[in-house]
Amino acid sequence: MSGTAQIGVTGLAVMGRNLARNFARHGYTVAVHNRSYARTQSLVEEHGDEGTFVPSESMADFVASLERPRKVVIMVKAGGPTDAVIDELVPLLEEGDIVVDAGNAHFPDTIRREAALKEHGLHFVGTGVSGGEEGALNGPSIMPGGTREAYESLGPILEDISAKVDGVPCATYVGSDGAGHFVKMVHNGIEYADMQLIAEAYDLLRQGLGASAAEIGEIFAQWNTGDLESFLIEITADVLKHTDADTGKAFVDIILDQAEQKGTGRWTVQNGLDLGVPITGIAEATFARALSGSVPQREAARAVLPAHAAQWEVKDRDAFIEDVRQALYASKVVAYSQGFDQIAAAATEYGWDIDRGAMARIWRGGCIIRARFLNRITEAYERAADLPLLLADEYFTDAVASGLPAWRRVVAGAAQNGVPTPAFSSSLAYYDGVRAERLPAALVQAQRDFFGAHTYKRVDREGTFHTEWSGDRTEAEA
Ligand SMILES: NC(=O)c1ccc[n+]([C@@H]2O[C@H](COP(=O)([O-])OP(=O)(O)OC[C@H]3O[C@@H](n4cnc5c(N)ncnc54)[C@H](OP(=O)(O)O)[C@@H]3O)[C@@H](O)[C@H]2O)c1
1 MSGTAQIGVT GLAVMGRNLA RNFARHGYTV AVHNRSYART QSLVEEHGDE GTFVPSESMA
61 DFVASLERPR KVVIMVKAGG PTDAVIDELV PLLEEGDIVV DAGNAHFPDT IRREAALKEH
121 GLHFVGTGVS GGEEGALNGP SIMPGGTREA YESLGPILED ISAKVDGVPC ATYVGSDGAG
181 HFVKMVHNGI EYADMQLIAE AYDLLRQGLG ASAAEIGEIF AQWNTGDLES FLIEITADVL
241 KHTDADTGKA FVDIILDQAE QKGTGRWTVQ NGLDLGVPIT GIAEATFARA LSGSVPQREA
301 ARAVLPAHAA QWEVKDRDAF IEDVRQALYA SKVVAYSQGF DQIAAAATEY GWDIDRGAMA
361 RIWRGGCIIR ARFLNRITEA YERAADLPLL LADEYFTDAV ASGLPAWRRV VAGAAQNGVP
421 TPAFSSSLAY YDGVRAERLP AALVQAQRDF FGAHTYKRVD REGTFHTEWS GDRTEAEA
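Each residue of the sequence shown is one higher than the last, beginning at 1 in full-length UniProt numbering.
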């Protein structure tokens, strides 16, 4: 006999609880379950009036309370706990049922789990969910993978509870097996890059202008009315204007300058290396967090390493602020362009058919990188679905080209004055590298052939060659 709940959520910590409430508020009958029953009880006691919840203490009762084909959302700690829940669930489910993992799984785990559940006739939908607890409750950005067949019945529910921008849901089918969790991973990587770029812009303004945190907060608030408008710029303005209640100091000045991470940035960079995609913005952002946390190295370096840099004296305040704004925008375009390149490379490598424009569209609302700018990315991929790099779209080419003099001035000024801007600088280096007529990679190839007989290709004829470096230096076809 089939139950009455249209969807079930197991794992009722902050994310699962809010997701279950979101389903209920949209009129769905929601089966709820958690390993320890107290969480289930407190959800129903505190929020039972928001909709129809069907609480169960045992997994068997939970499964029995769902209508068929069952749709079970797992929202537990990623890794071992997800496998533990799947192992408990699978024997209770029947062919055609859909298991949704909405936690932050690493995409290779999702590929493995999808294949295993397929053996049991079950659909496994690895789903990225972004927006934190607030998004889970009021509308997240949702990135589901798995089969199209599963999406047909699950998709409308996910689209219903997702964030909406101009009436368009921030949820869409991403691609088979691990594609959803992959795209969520890259989203988080881009989030790292975006945050680092904003932090560097703040540092440049602080050191260049000698301005207070609150004054810089006003500059960010102003920027949030233009091309840079985004959730991250908005909260940056708020944070910078905030004062610590205890000390009366700027809040940002009382925080230890050691940034942490939960690991999705690391996964993104590792995958970038695996695929050979230069996601330098994301990598620099991840390493910048690592550097900030390298306390013994920082202490040792601070004690001995000179700056040989003058105190930065900015002559024209307004011109400098505009330069930093343009440099931030250009660097941001590079970071996003690289992230979308990574998605394209992964689609080829793992056999996914991912619509990059649609990814930008579902990131416009609900998630941490939500921004006006994402409309431009969607438009770019609408103009050319197979765009080789985002920077090659006419809008972005023009936007970056017009900011180029400012970008160069800012990066040069930062270097001369000893202000670290790894993401600004590496983005500019990427820009100059990717557009270069000829790269010094030719010399690297010659060096490789010299010490390792790794061979090289010539610009003037087909074939692969090796020079007898230790002999008479004649060239032979390899
Ligand atoms: N927090 C965020 O902003 C955010 C944003 C996006 C995605 N996510 C992802 O969403 C998922 C849930 O996050 P969260 O912060 O709500 O919770 P969490 O702290 O990651 O996990 C706690 C939940 O996992 C359950 N759990 C842990 N080990 C278990 C096991 N062996 N068997 C069964 N259940 C087990 C807990 O049950 P008990 O109550 O019985 O301990 C509890 O319901 C995670 O994968 C997280 O990465 C989080």
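A virtual CB, placed ideally from N, CA and C, is assigned to each residue, including glycine.
Ligand 1 site residues, beta-carbon cut 6 Å against heavy atoms
Of all residues, those with a beta-carbon under 6 Å from at least one heavy atom of ligand 1 are G11, L12, A13, V14, M15, G16, N34, R35, S36, R39, M75, V76, K77, A78, P81, A84, V85, G103, N104, V129, G132, E133, reported in chain order.
Measure the Cβ-Cβ separation of residue 490 and V186 and say whether it is below 8 Å.
Because the chain is modelled from 1 through 478, residue 490 falls outside the range shown and cannot be assessed.
Same chain, Cβ closer than 7 Å to E234, neighbours up to 5 away in sequence not counted:
Same-chain partners within the cutoff: N224.
Would you list the residues sitting across from K164 in a DSSP beta bridge?
P169.
By DSSP, does S56 sit in helix, in strand, or in coil?
Here S56 sits in coil by DSSP.
Ignore the nearest five residues each way along the sequence and tell me which others in Q445's own chain have a CB closer than 6 Å to its CB.
Taking C-beta separations shorter than 6 Å and ignoring five residues to either side along the sequence, the partners of Q445 in its chain run Y456, following chain order.
Can you tell me whether I254 is buried or exposed? The criterion is at least 16 other CB atoms within 10 Å of its CB, across all chains shown.
Exposure of I254 is indicated by the presence of fewer than 16 other C-beta atoms within 10 angstroms of its C-beta.
Which parts of the region 394 to 476 are runs of the alpha helix (DSSP H), unbroken and 4 residues or longer, counting only runs that do not cross its ends?
Entirely contained in the region 394 to 476, the alpha helix (DSSP H) runs reaching 4 residues are, in chain order, 394 to 417, 422 to 435, 441 to 452.
At the level of alpha carbons, what is the spacing between W267 and H106?
Between W267 and H106, the alpha-carbon positions lie close to 8 Å from each other.
Opposite L66 in the DSSP bridges: which residues?
Looking at the DSSP assignment, L66 forms a beta bridge with A5.
Segment limits, alpha helix (DSSP H) that includes F124
Note, F124: premise wrong, no alpha helix (DSSP H); beta strand (DSSP E) at 123 to 130.
Between the alpha carbons of T314 and T421, how many angstroms are there, rounded?
For clarity, residue 314 is Val in the given sequence; the question names Thr instead. It is roughly 17 Å from the alpha-carbon of V314 to the alpha-carbon of T421.
Rounded distance between the beta-carbons of I377 and Y336, thought under 8 Å
With 8 Å as the limit, Y336 and I377 qualify as a contact, their Cβ atoms being about 7 Å apart.
For a cutoff of 8 Å on Cβ pairs, would you count A441 as touching chain D?
Absence of chain D from the displayed structure is noted, only one protein chain being present.
According to DSSP, is A310 part of a helix, a strand, or is it coil?
A310: coil per DSSP, three-state reduction.
Which residues in the same chain have their Cβ closer than 8 Å to the Cβ of A60, if we skip the five residues on either side of it in sequence?
Only L92 meet the Cβ criterion.
Contact between the region 160 to 167 and the region 140 to 148: three or more CB pairs below 8 Å?
Between the region 160 to 167 and the region 140 to 148, the count of C-beta pairs closer than 8 Å reaches three or more; the two stretches touch.
Contact test: T348 Cβ vs ligand 2 heavy atom, cutoff 7 Å
Absent from the structure shown: ligand 2. Ligands present: ligand 1.
Every unbroken alpha helix (DSSP H) within the region 209 to 261, with a cutoff of 4 residues, ordered by chain:
DSSP runs (the alpha helix (DSSP H)) wholly in the region 209 to 261: 213 to 223, 231 to 241.
Spatial neighbours of R82 within its chain, please: C-beta separation below 7 Å, excluding the five flanking residues on both sides.
Inspection of the sequence shows that residue 82 is occupied by Thr rather than by Arg. Contacts found: I74, V76, D101, G103, A105.
Identify every residue that forms a DSSP beta bridge with H33.
DSSP, once it has assigned bridges, lists T10 as partnering H33.
Taking 8 Å as the limit between beta carbons, can you name the residues of its chain near V30, skipping five residues before and five after?
A5, Q6, I7, G8, V9, A20, F23, A24, G51, T52, F53, V54.
Report yes or no: do the region 264 to 284 and the region 294 to 310 share at least 3 C-beta pairs separated by less than 8 Å?
Touching, no.
By the three-class DSSP mapping on this structure, what secondary structure does P388 have?
Three-state DSSP puts P388 in coil, outside helix and strand.
Considering only the alpha carbon of each residue, which of L232, D238, D194 lies closest to A214?
Residue D238 is the option with its Cα nearest to A214.
Supposed contact pair T286 and Y395 - C-beta distance, whole angstroms, cut 8 Å
At roughly 28 Å, the Cβ-Cβ gap does not stay under 8 Å, so Y395 and T286 are not in contact.
Quick one: using the 10 Å Cβ neighbour count with 16 as the cut-off for buried, is F424 buried or exposed?
By the C-beta density criterion, F424 is buried, having at least 16 other C-beta atoms within 10 angstroms.
Once the 5 residues before and after K184 are set aside, which same chain residues still bring their CB inside 6 Å of it?
Apart from the 5 residues on each side of it in sequence, K184 sits with its Cβ closer than 6 Å to the Cβ of G128, M143 in its chain, given in chain order.
Is it right to say K249 is buried, meaning 16 or more other beta carbons lie within 10 angstroms of its own, or is it exposed?
Per the 10 Å Cβ criterion, exposed.
Rounded C-alpha distance that separates L43 from S292
Going from the Cα of L43 to the Cα of S292 covers about 39 Å.
For the alpha helix (DSSP H) that D316 lies in, which residues bound it at each end?
For D316, no alpha helix (DSSP H) run applies, since DSSP gives it neither H nor E.
Cβ-based neighbour list, A478, same chain, cut-off 7 Å, excluding 5 preceding and 5 following
The answer, listed in chain order, is T455, T464, F465, H466.
Run through DSSP, which three-state label would S153 get?
Note: S153 maps to helix in three-state DSSP.
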